[in-house]
Amino acid sequence: MNDTPTASDTVRLLAEQQGLGKALKLFPDGVKAAAERGLRPLGEFPKGTTSLNSPAPIFDPAQFERAK
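Take 396 as the starting number for the sequence shown in my numbering and just add one per residue.
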């Protein structure tokens, strides 16, 4: 038995996480097509760069606290 999730399982999980479970039941083809479009990259990376070229910013909630 294969434990890797299929594309339809991934789309179902993403839809449920975003509160689109009802939309998936009513319009499965439309939600699946939208998920596939959303998961594709917008374009090619410039030469010499990768998707991991720079680290993600770190959220620091302390920077939003007001000085007393």
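Virtual Cβ for every residue (Gly too), placed ideally from N, Cα, C.
Nearest-angstrom beta carbon gap, residue j and residue i [assumed within contact, 8 angstroms]
i: V406; j: K427; result: 5 angstroms
Exposed unless 16 or more other CB atoms sit within 10 angstroms - verdict on residue i
i: A410; result: buried
i: A457; result: exposed
Rounded separation between residue i and residue j - CA only
i: Q413; j: F422; result: 15 angstroms
i: D455; j: L447; result: 21 angstroms
i: R435; j: A429; result: 10 angstroms
i: K417; j: G443; result: 43 angstroms
i: G433; j: F440; result: 17 angstroms
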